[in-house]
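Participant:
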Amino acid sequence: MQIDYNVTGRERKRLVQTIAEIMECETKYNGAPTFAYEVDYFTIDKNGVLSFDDCADSEEIEKLIEGLAERGFEFDGYDKTALTIEMPRSFFTDTALENLSRLVESKGSLLKKALGITDLSILKGEETVSFPWFSDASDPDPLKAYTHLVTALCEMAKSLHRVSAVEKPVENEKYAFRCFLLRLGFIGSEYKTERKILLSKLTGSSAFRNPANGGADDE
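Below you can see the structure in the form of structure tokens.
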């Protein structure tokens, strides 16, 4: 996974030192040709891109992101307001990549509305698969939800033998997407905040298939 803090020179050194303080680890400078720093399992490249394994401890990642935000470090994606989440290309087989494209297409309308975007392009490179979908990159809670969403989509695509790209009509957006999130593994009270974030832009009731049945929305 990669998070772009878009800093160089002295600010990059300050970023590295701050990460080391938060994680209570030593720094290592790799020199040419990468000019990257390492802090524990984190790598900071010459452009201020923070990289770490997608299987890293989510609580540690959240602690780090919050600590950096408190010290004035906000991250970029492709521009000042966007965040791109990346997965290693080696995570996927060719079939898994095809499944991923079909899975995203089958939930296209819900994903676009949930994330507040119009484009669900997946950028497939030789080393990474990138998701430049996210505009809310200043709050650690949305970042955690978005990271979980991307990881869960990729894991589902990898586990399925075949995926239909056909998108079915939906009457109750919140209920339909909540069911999908539960399939992805957003189950239990520990993921309630993430579900709430991902459902916040959708209409309907997450608790009832037919909102006319009444009752409180549990998300």
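When the letters of the sequence shown are read in order and numbered with our numbering, they come out as residues -14 to 204.
Note that the Cβ used here is the ideal one computed from N, Cα and C, for glycine as well.
What span of residues does the alpha helix (DSSP H) with L145 cover, start to end?
Facilitator: Premise fails: L145 is in no alpha helix (DSSP H) and is neither H nor E.
Participant: Can you tell me whether T66 is helix, strand or coil according to DSSP?
Facilitator: Residue placement at T66 is flagged as unreliable, the pLDDT there being 38, under the threshold of 50; the coordinate-derived value follows with that caveat. Looking at T66 - three-state DSSP - the assignment turns out to be coil, as it is neither helix nor strand.
Participant: Do the segment 178 to 186 and the segment 91 to 107 touch if we need at least three Cβ pairs shorter than 8 Å?
Facilitator: yes
Participant: Taking C-alpha atoms, which residue in N84, N32, A81 lies nearest to F60?
Facilitator: N32
Participant: Would you say E23 and K13 are within 9 Å of each other, going by their C-beta atoms?
Facilitator: yes
Participant: How would you write the range of the alpha helix (DSSP H) that E179 sits in, first residue to last?
Facilitator: For E179, the uninterrupted alpha helix (DSSP H) run begins and ends at 177 to 184, by DSSP.
Participant: When DSSP labels each residue in this structure, what does E152 get in the three-state scheme?
Facilitator: coil
Participant: Whole-angstrom Cβ separation of G170 and A137, contact assumed at under 8 Å?
Facilitator: 5 Å
Participant: Mind checking G110: buried by the 16 CB within 10 Å criterion, or exposed?
Facilitator: exposed
Participant: What residue range is occupied by the uninterrupted beta strand (DSSP E) comprising V34?
Facilitator: It spans 34 to 36 - the beta strand (DSSP E) in which V34 sits, taken as one unbroken run.
Participant: Give every residue of the same chain whose Cβ lies closer than 6 Å to the Cβ of C139, excluding the five residues on either side of it in the sequence, and list them in chain order.
Facilitator: For C139, where only same-chain residues beyond five positions count, the Cβ hits under 6 Å are M72.
Participant: Figure out for me which residue from S91, P127, E51, R(-3) has the closest Cα to the Cα of F162.
Facilitator: S91
Participant: Identify the continuous alpha helix (DSSP H) that holds I102 and give its terminal residues.
Facilitator: Taken as a continuous stretch (DSSP letters only), I102 belongs to no alpha helix (DSSP H), as it is neither H nor E.
Participant: When DSSP labels each residue in this structure, what does E205 get in the three-state scheme?
Facilitator: Residue 205 falls outside the range modelled here, since the chain spans only -14 to 204, and no answer is possible.
Participant: In its own chain, which residues sit with a C-beta less than 7 Å from the C-beta of R87, not counting the 5 before and 5 after it?
Facilitator: Leaving aside the five residues that flank R87 on each side, the residues in its chain whose CB is nearer than 7 Å to its CB run, in chain order, V148, S149, A150.
Participant: From F76 to E112, what distance separates their C-alpha atoms?
Facilitator: 10 Å
Participant: Identify whether G128 lies in helix, strand or coil by the three-state DSSP scheme.
Facilitator: It should be pointed out that residue 128 corresponds to Leu in this sequence rather than to Gly. Reduced to three states, the DSSP call for L128 is helix.
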